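Residue numbers (our numbering): 4 to 132. Quick notes on the structure that follows.
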Amino acid sequence: MLGLVIVCSVPSYIDWVREHCLSLPHTTEKIQWVHDLLFCIGGKMYCVANLEPGLSPTKIAFKCTPERFAELVEIEGIIPAPYMARAHWVAMVEMDALRRSEIKDLIRNSYQLVLEKLPKKQQAQLREK
């Protein structure tokens, strides 16, 4: 009898993106839409990592300012994020489109943008924790 072994490998970028996101205060994570790992602050997502790149060309997506959005989508390997571009989200289809340090800075900025949009009361509660 032949046995079938299925090997599930997590894309290499997931580890450092996850580690970086979880280093930001009060970040929570959850899986949604079957294969997306969401990183949230105050229940609002600021970064999405695709756990199964074969199902979609995007690797990670995050929010940015309108000005930065316009700059980033001009870079090969970065596109307007499907379904979220109108809110100035970009998606990376090639992780080498930017240096890792730049990606981390952009994720941190996304975190800050989302945090600042939370209700003031919720922001105060997060600061107290």
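The beta-carbon is built from N, C-alpha and C at its ideal position, and this holds for glycine as well. Every value quoted in this text rests on a predicted model; they were computed, and no experiment measured them.
Thinking C-beta only, is Cys24 closer than 7 angstroms to Cys43?
Taking C-beta atoms as the reference points, Cys43 and Cys24 fail to come closer than 7 angstroms.
message: Here's the rule I'm using: 16 or more other beta-carbon atoms within 10 Å means buried, otherwise exposed. How should Val37 be labelled?
response: exposed
| request: Tell me where the beta strand (DSSP E) around Asp99 begins and ends. | output: Run containing Asp99: none; DSSP gives neither H nor E here.
- Name the residue from Arg89, Lys124 and Met95 whose alpha carbon lies nearest to the alpha carbon of Ile110. Met95
### Message
Helix, strand or coil for Cys43? Go by DSSP, reduced to three states.
### Response
In this structure, Cys43 counts as strand in the three-state DSSP scheme.
Practice prompt. Select from Tyr16, Val20, Thr30 and Glu22 the residue whose C-alpha is nearest the C-alpha of Val117.
Written response: Thr30
Pull the bridge partners of Thr30 from the DSSP assignment, please. Ile44
Does the separation of the CB atoms of Ile81 and Val93 fall below 7 angstroms?
yes
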